[in-house]
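Asks:
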Amino acid sequence: MVTDILLAAALVLFFEGALYALFPDGMKRMMVSALNTPSHLLRIFGLVSAILGVVFVWLIRG
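Position 48 of the sequence shown, counting from 1, maps to 135 under this note's numbering, and the rest follow consecutively.
#1: Looking at residue 137: is its Cβ nearer than 8 Å to the Cβ of residue 129?
#2: Once DSSP output is grouped into helix, strand and coil, what is the label at residue 117?
#3: For residue 104, name the three-state secondary structure that DSSP assigns.
#4: Beta-carbon within less than 7 Å of residue 106's beta-carbon, same chain only, minus the 5 sequence neighbours each way: which residues are those?
#5: Does DSSP put residue 140 in a helix, a strand or coil?
Here it is, written out as structure tokens:
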């Protein structure tokens, strides 16, 4: 279980790093967009993303 959590954290770091390395201007625009988005919408999007992540892990791992 700990190995899975560490692997997931490593994948997050890889994909975030790759996005910043490949598309730095796009990431800046995304940050500005996030700052201009109301907090309640960011909260809803984050909650939906977290739930989908748990569902995907559950489906994949059984």
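Just so you know, even glycine gets a beta-carbon here, dropped at the ideal spot from N, CA and C.
Replies: Well, looking at it:
#1: no
#2: helix
#3: helix
#4: 114
#5: helix
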